[in-house]
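Numbering (this note's numbering), first residue to last: 256 to 1036. Virtual Cβ for every residue (Gly too), placed ideally from N, Cα, C. Nothing here was measured: the structure is a model prediction, and the numbers come from that model. Written below as structure tokens is the structure these notes are about.
As structure tokens, then:
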């Protein structure tokens, strides 16, 4: 028995000795990392080495690596990397999946290390790496939560206090043996009790003291009670609502300041189908206040380049957002900030999911189902760690799965042959995703793309015809709807039987059109359709009142198809209005001219949501104003007669550039219908400003655009000028020049040097303005 006890004592002694020779940070906090897709998950200190476990979450196929110059910095001492797991030092590693776990093994840092930096000479920096859970000495740079509610109550800095959604200046602070009395400038008196059993009692003015615990983790710990509330603020998509974010990017290192002196919030605008960015200047300490419009509850990106936090924002609310770059903590304060703190602690993101080459639609669906199941399993894992995760958090992540899977599955239409998705696939999207989307529809960023692609696919399946490599939408399917509405308004005299005949003809016409077009080329299409309805149909369509109505509403065919698609698949009035406003905005943005009178009247009559209608009216008014605006430097717009009767692409281009012989020409081939083209044109003033000291001619060749839209874009982005030349040539001539230039997509950029030689230019060239400027300087020598 004595021998057994001796053995146990010896074993305990050995374990204790081993523990003294090693230390592990299982929960690691990083103050700042300039590449937010890499996390440090664990640090192990031993006498022989310091191992830093890391996780990279990016995209399969991407490369990354670490050089042998990577090192840890503890105080002034450096500890070099000596090995790695999974990857090899000084070699690129291709990610086999979207997530890769690996370790860097360094020369041993002291076991007593409390904070350190990790530096990779190529540019990666982790600063203020430390373990979570340490009870702080004193109160400076600490944050405290109300133990009863779990909410963040107060925070203390050297000269400031964070309380009640505000950063207060400290007027006086007295420390009486770890008990503090703090007077705030123009604010309350704060009394902080001594630390007892890792807690302090904090009193505000004459209020009863609140028992608080320090927040020692990177984000808010689990709340003490379950929140079973369901749903999110839904204001009915009311125009004029907003959200306010007050905050502090505290103790930012110089590298973070260099990234930007602004705080940025990004939301996805459902109607304009684009991300809206709102910014405000930081003060010298990194504090800010940002108020911006919010149509309804929406998820958002906050301070994407430095903090990369994605909370849900609700209209009418005020949130205080803290990112402390010294302690590495991200916290939200407010009267209802629980969901925001939970999303900071347990981030949820769908990611970029696309069909792979060689993967068919149903295989892709199965893979997307698996990703959704994995996200739901992760919810359960998070609940195991945080049993009181709110129902709203769970509902949000489940809704994000629906929106994300819908967006990814509908993006597959652009890859599968002929945009033809199996019926089983589309039925699943309709019944399990589209019809089950939680409200409000603005809540999830992927939904705007999901809505656009889903409705377009429904319209294509019902009214589209495949010709050659293209799919066109036939207008005849909208005629019955147009005639029914016109009959109800008394604008046309027609019977229900005649409208039914028009409907039967349209369906027969589409089928026969598709059959005849099956083996034809779009440039030599020859369709000849005759059926038993033809004579009666033509007689109806030639009647003056019918002809007038169809002509007047021909611009609304696409809108009618969208309305039919949304009403037949999810007839929620709010969704119908949002989808209609989305389509009207798309029309305005694509063609860059005001709506035809019939289209504007339709929008005014049909769209009931004020916020949705306001976007259509405001955008339409903008183009009306542009159409009445005089064009400055009109000489920049050259007539097509410059190349009249010419057909050879090279000869036409040489004729166009002949007046600028001996000068460098920046060539932009674009179209008013091309979104990326217009975004680049919108930002082109930055290039011109950077290159203002160089002698450059800016030549713009416009593809497939009406003169009205062409001129409106030039006015909108102020593209006319003494060094600018614009052409909007007839289709055949423009196509000939594009063939000569080997245009494969839009926008296409070329540089024509002083000798007339043509050089390719990457379409993202302006993203590195300094490198682009150096390139242009070489051409201009």
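Burial state of residue i (16 or more Cβ within 10 Å)
i            : result
residue 530  : exposed
residue 539  : exposed
residue 889  : exposed
residue 260  : Because residue 260 carries a pLDDT of 47, less than 50, the predicted location of this residue cannot be relied on, and the following value inherits that uncertainty. Exposed is the call here.
residue 849  : buried
residue 833  : buried
residue 966  : buried
residue 607  : exposed
residue 801  : buried
residue 640  : exposed
residue 513  : exposed
residue 695  : buried
residue 665  : buried
residue 1019 : exposed
residue 453  : exposed
For residue i, the residue or residues it bridges with in DSSP
i           : result
residue 756 : DSSP output for residue 756 lists no bridge partner at all.
residue 524 : 529
residue 248 : Nothing can be reported for residue 248, as the shown portion of the chain is limited to 256 through 1036.
residue 503 : 542, 577
residue 449 : DSSP output for residue 449 lists no bridge partner at all.
residue 981 : 892, 955
residue 407 : 400
residue 357 : 309
residue 497 : 548
residue 553 : 568
residue 924 : 956, 1003
Own chain partners of residue i with C-beta closer than 6 angstroms, once the 5 adjacent residues on each side are dropped
i           : result
residue 693 : 654
residue 984 : 895
residue 846 : 964
residue 760 : 788, 792
residue 636 : none
residue 982 : 893, 956
residue 523 : 530, 700, 703
residue 492 : 550, 551, 864, 866
Three-state secondary structure (DSSP) of residue i
i            : result
residue 929  : coil
residue 548  : strand
residue 711  : helix
residue 694  : coil
residue 854  : helix
residue 972  : coil
residue 876  : helix
residue 1020 : helix
residue 385  : strand
residue 348  : strand
residue 947  : coil
residue 426  : strand
residue 464  : coil
residue 371  : strand
residue 1006 : strand
residue 1039 : Here the chain has residues from 256 to 1036 only, and residue 1039 is not among them.
residue 637  : helix
residue 534  : strand
residue 508  : coil
residue 1027 : helix
residue 488  : coil
Proximal residues to residue i (C-beta, below 7 angstroms), its chain only, five neighbours per side dropped
i           : result
residue 483 : 646
residue 782 : 768, 771, 772
residue 338 : 360
residue 649 : 634
residue 366 : 278, 300
residue 423 : 415, 416, 439, 440, 442
residue 269 : At residue 269, the pLDDT of 44 sits below 50, so the modelled position is not reliable and the matter cannot be decided from this model.
8 angstroms CB neighbourhood of residue i in its chain, flanking five on each side removed
i            : result
residue 1024 : 941, 942, 945
residue 816  : 714, 717, 718, 728, 732, 733
residue 1001 : 924, 925, 926, 929, 931, 932, 958
residue 559  : 519, 521
residue 395  : 411, 412, 413
Chain D within 7 angstroms of residue i, Cβ atoms only
i            : result
residue 1005 : No chain D appears in the structure shown, which is made up of a single protein chain.
Runs of beta strand (DSSP E) wholly within the segment 275 to 346 (minimum 3 residues, chain order)
Counting whole runs of 3 or more residues, the segment 275 to 346 contains the beta strand (DSSP E) stretches 278 to 280, 283 to 288, 293 to 300, 305 to 312, 326 to 329, 332 to 340.
3-residue-minimum beta strand (DSSP E) runs that sit fully inside the segment 585 to 623, ordered along the chain:
As far as the segment 585 to 623 is concerned, it has no whole beta strand (DSSP E) run of at least 3 residues.
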